[in-house]
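First up is the structure itself, then whatever we jot down about it.
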Amino acid sequence: MSIWEYANPVKFIRTTDKVLPWIAGLAAVALVIGLGWGFFFTPDDYRQGSTVKIIYIHVPSAFLAINAWLMMLVASLIWIVRRHHVSALAARAAAPVGAVMTLIALITGAIWGQPMWGTWWEWDPRLTSFLILFLFYLGYMALWEAIENDDTAADLTSILCLVGSVFALLSRYAVNFWNQGLHQGSSVMRAGAATGDTTERVSNVFAVPLFISIAGFALLFIALVFLRTQTEIRARRMRALLARERQA
Amino acid sequence: MIALLIRDLRLAVRAGGGFGLGLAFFLIVVVLVPFAVGPQTQLLAAISPGVLWIGALLACLLSLDRIFALDWEDGSLDLLATAPLPMEGVVSVKALAHWLTTGLPLVLVAPLLGVLLNLPVQGYGWLVVSLAIGTPALSVIGTFGAALTVGLKRGGLLMSLLVLPLYVPTLIFGAEVARRGADGLAVKTALLMEAGISFGVIALLPFASAAVLRINIR
Numbered sequence: 001m002s003i004w005e006y007a008n009p010v011k012f013i014r015t016t017d018k019v020l021p022w023i024a025g026l027a028a029v030a031l032v033i034g035l036g037w038g039f040f041f042t043p044d045d046y047r048q049g050s051t052v053k054i055i056y057i058h059v060p061s062a063f064l065a066i067n068a069w070l071m072m073l074v075a076s077l078i079w080i081v082r083r084h085h086v087s088a089l090a091a092r093a094a095a096p097v098g099a100v101m102t103l104i105a106l107i108t109g110a111i112w113g114q115p116m117w118g119t120w121w122e123w124d125p126r127l128t129s130f131l132i133l134f135l136f137y138l139g140y141m142a143l144w145e146a147i148e149n150d151d152t153a154a155d156l157t158s159i160l161c162l163v164g165s166v167f168a169l170l171s172r173y174a175v176n177f178w179n180q181g182l183h184q185g186s187s188v189m190r191a192g193a194a195t196g197d198t199t200e201r202v203s204n205v206f207a208v209p210l211f212i213s214i215a216g217f218a219l220l221f222i223a224l225v226f227l228r229t230q231t232e233i234r235a236r237r238m239r240a241l242l243a244r245e246r247q248a
Numbered sequence: 001m002i003a004l005l006i007r008d009l010r011l012a013v014r015a016g017g018g019f020g021l022g023l024a025f026f027l028i029v030v031v032l033v034p035f036a037v038g039p040q041t042q043l044l045a046a047i048s049p050g051v052l053w054i055g056a057l058l059a060c061l062l063s064l065d066r067i068f069a070l071d072w073e074d075g076s077l078d079l080l081a082t083a084p085l086p087m088e089g090v091v092s093v094k095a096l097a098h099w100l101t102t103g104l105p106l107v108l109v110a111p112l113l114g115v116l117l118n119l120p121v122q123g124y125g126w127l128v129v130s131l132a133i134g135t136p137a138l139s140v141i142g143t144f145g146a147a148l149t150v151g152l153k154r155g156g157l158l159m160s161l162l163v164l165p166l167y168v169p170t171l172i173f174g175a176e177v178a179r180r181g182a183d184g185l186a187v188k189t190a191l192l193m194e195a196g197i198s199f200g201v202i203a204l205l206p207f208a209s210a211a212v213l214r215i216n217i218r
C-alpha cells in the first residue's frame, strides 16, 4: 500500500469521492466557526478597532497563496520524475485556486492598509512579492491554456513551475533589499507562543479563531483541488472517448 | 558552435532589421520620457537610471520572439536538434547571439542617452557596468521564455507574461546599482547581488531552456 496507488485516476476518483464530502463539510464547519467567532465574538483591538477582523480572511488566504504554489511545485516534480498524469492535473487544478487566494490576500490587504497605513498600496517587499507571485500564477495558467497537446503542456508548465519557484524566491529577497516596508513580520507564530508571553505575538483571543479560519481555508483548498482534479480527469477521459469514437 | 553563432549574427544583421529594432525602441522610449514627465532637469536626473534600465529591458523583450521563431518555421531548429551539438549549446549560442545583437548595442548606447536624461556624471560608469552585467541575464532568461512559447501561434503576449516576472530580480539589482552609482552611494552589495544572479542564470537556465526546447520539438 503506497501513496503511488492514487496515481491511478480510477482509484484517485473513487477515493476522493469518498473523502470529498467530509473535507468539504469540515471546511464549511471550520469556516463558519472561525469566521463567525472572529467577526462577532472577538473584542476590538486596542488601537486598530474592528478593522483588525479582516485578519481572519487576510492571513489564511496569504498562507494558502504560498502553500498552493508549493503544492504545485511538488506535483510538478512528481510529474517530471514519475510521470503520473493525476499529479500534473492536480497542479493544473490548484493554480486558479492559488491565484484567487493571492488576489484575496492582496485585496483584503489593501482594504486593511487603507485605514491603518493610510494607503491602499505601498511598494512594500511583502506586497510586491505577492504581486509577483500573482503574475507567476497568471503566466502558469496562461501557458496551460495556450498549449494544445496535454503532455507537452504538462511538461512545459512543470518546468515553468520549477524555474518560477527559484525566481519567486529570488524576487522575494531582492525586494527586501530594494525597499524596507510597512508590513509587519509574521507575528502569528512568534516565540511568545511557547512561553505564553502575549505581548510579542497575536493574543490568544484572536489567535484561536484565526487558526480555525486557517484550517478552514486549507480544507477548502484541498476540497477544491480534489474536485477540480476530478473534473480535469473526467474532461480528459471524455476527450479520449470522443477521439476514439471519431477513429472508429 | 561558432558557425551557428556567425550564422545567427548574420541573419540578425542582414535579414529583417531585427538588429536595429531594439536600439530604435530604446531610443524612442528614452526620448519620449521627458515629454511625458516634463523637462525639469532635476527630476530627469533622479529617474534617469531607472528609465534607462526599463528602456533596455523592454527593448530586449521586444526582440525575444525572433530567437527561435524563424528557425522553428523553416525547420532549421529540427536540424539543430539532430546536430551533434547538444541542445544546451544551441540555446547558449542563441542567447549569446541575441545579447550581441541586442544587449551589447544597448549597453554602448545607454551613456549617450544618459546625456539626454541628464544623468549625473558619476553615474555613467556604473550604468554601463550594471547594464553590461545585467543584459546577458536578460537575454538568457528571454531565451527560456522564447523556448517555452516557440510552438505557439502569436506567443508574443504569453511570452511577455512569462518573462516579465522572471526579469524582476535582475531589474531590481541592476537598476539599484545604476541608481546608487548616480547618487554617489556605495554600490558593492547591489553589484555583487546582480552579478551573482546574472552568472547563476547564465550557468543554470540554459539547461531548463534546452529541456523545454526538446519538449517542444518532440
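Line order of the protein sequences matches chains A and B.
The numbers in UniProt numbering rise by one with no breaks, and the one at position 82 of the first sequence is 82.
The numbers in UniProt numbering rise by one with no breaks, and the one at position 121 of the second sequence is 121.
All C-beta atoms, glycine included, are put in the ideal place defined by N, C-alpha and C.
Environment of residue 126/A [buried if 16+ CB atoms lie within 10 Å]
Buried, by the Cβ-count rule.
Would you kindly work out how many angstroms separate the C-alpha atoms of residue 1/B and residue 98/B, rounded to a whole number?
14 angstroms
Considering only residues of the same chain and omitting the five flanking positions on each side of residue 195/A, which have a CB-CB separation below 6 angstroms?
Residue placement at residue 195/A is flagged as unreliable, the pLDDT there being 44, under the threshold of 50; a coordinate-derived value is accordingly withheld.
Scan the segment 191-218 of chain B for residues whose Cβ lies nearer than 8 angstroms to a Cβ of chain A and list them as they occur along the chain.
193, 197, 205, 208, 211, 212, 215, 216, 218
Residue-level contact to chain B via CB, residue 138/A, 8 angstroms cutoff:
yes
On the criterion of 16 or more Cβ atoms from any shown chain inside 10 Å, does residue 149/A qualify as buried, or is it exposed?
exposed
Give the single residue among 86/B, 107/B, 23/B, 10/B whose Cα lies nearest to the Cα of residue 49/B.
107/B
For residue 219/B and residue 202/B, what's the separation of their Cα atoms in angstroms?
Any answer about residue 219/B is impossible in this case: the structure gives chain B only from 1 up to 218.
Are residue 97/A and residue 12/A close, meaning C-beta to C-beta below 8 angstroms?
no
Any beta carbon of chain A sitting closer than 8 angstroms to that of residue 176/B?
yes
Which same chain residues, not among the five before or five after residue 36/B, have their C-beta less than 6 angstroms away from its C-beta?
none
Would residue 126/B be called buried (16 or more neighbouring beta carbons within 10 Å of its own) or exposed?
buried
Under 8 angstroms, Cβ to Cβ, is there at least one residue of chain A near residue 4/B?
no
Nearest to residue 101/B (by Cα), restricted to the options 213/B, 156/B, 67/B
67/B
Residues from the segment 144-178 of chain B in contact with chain A, defined by Cβ distance under 8 angstroms:
144, 148, 149, 151, 152, 155, 158, 161, 162, 164, 165, 166, 168, 169, 172, 173, 176
How is residue 36/A classed by DSSP in three states: helix, strand or coil?
helix
For the segment 98-176 of chain B, which segments carrying the alpha helix (DSSP H) assignment without a break, of at least 4 residues, lie completely within its bounds, in sequence order?
Counting only runs of 4 or more, we get 104-116, 123-148.
Tell me, please, whether the CB atom of residue 9/B is closer than 8 angstroms to any CB atom in chain A?
no
Starting from the C-beta of residue 43/A, find all residues in its chain whose C-beta is less than 7 angstroms away, skip the five residues before and the five after it, and write them out in chain order.
205
List the residues of chain B whose Cβ lies closer than 8 angstroms to the Cβ of residue 258/A, in chain order.
Outside the shown range of chain A (1 to 248) lies residue 258/A, about which nothing can therefore be said.
Range of the contiguous alpha helix (DSSP H) that encloses residue 194/B:
Residue 194/B: member of the alpha helix (DSSP H) spanning 188-217, first to last residue.
Which bits of chain B does residue 175/A rub up against, with CB to CB less than 7 angstroms?
172
Would you check if the distance between the CB atom of residue 156/A and the CB atom of residue 140/A is smaller than 8 angstroms?
Between residue 156/A and residue 140/A, the C-beta spacing is not below 8 angstroms.
Counting only Cβ pairs nearer than 8 angstroms, list the residues of chain B close to residue 163/A.
144, 166, 205, 208
Does the beta carbon of residue 20/B come closer than 8 angstroms to any beta carbon on chain A?
Residue-level contact by beta carbon fails for residue 20/B and chain A, as no gap is shorter than 8 angstroms.
From which residue to which residue does the alpha helix (DSSP H) around residue 42/B run?
41-62
Taking only the alpha-carbon atoms, compute the straight-line gap between residue 115/A and residue 51/A and give it to the nearest angstrom.
If you take the alpha carbons of residue 115/A and residue 51/A, they lie about 8 angstroms apart.
Residue interval of the alpha helix (DSSP H) (run including residue 4/A):
No alpha helix (DSSP H) holds residue 4/A; DSSP gives it neither H nor E.
In angstroms, rounded to a whole number, what distance separates the CA positions of residue 9/B and residue 3/B?
The straight-line gap from Cα to Cα measures roughly 10 angstroms.
Classification of residue 249/A by the beta-carbon crowding that lies within 10 angstroms, buried from 16 upward:
The question about residue 249/A has no answer, for chain A in this structure spans 1 to 248.
With 16 as the cutoff for other CB atoms within 10 Å, does residue 74/B come out buried or exposed?
exposed
Rounded to whole angstroms, what is the Cα-Cα separation between residue 40/A and residue 34/A?
10 angstroms
Backbone CA spacing between residue 188/B and residue 196/B [nearest angstrom]
12 angstroms
By a C-beta neighbour count over all protein chains shown, 10 Å radius and 16 as the cutoff for buried, is residue 12/B buried or exposed?
Buried.
Contact list for residue 30/A against chain B, beta-carbon separation under 7 angstroms:
In chain order: nothing, as chain B lies at least about 33 angstroms away.
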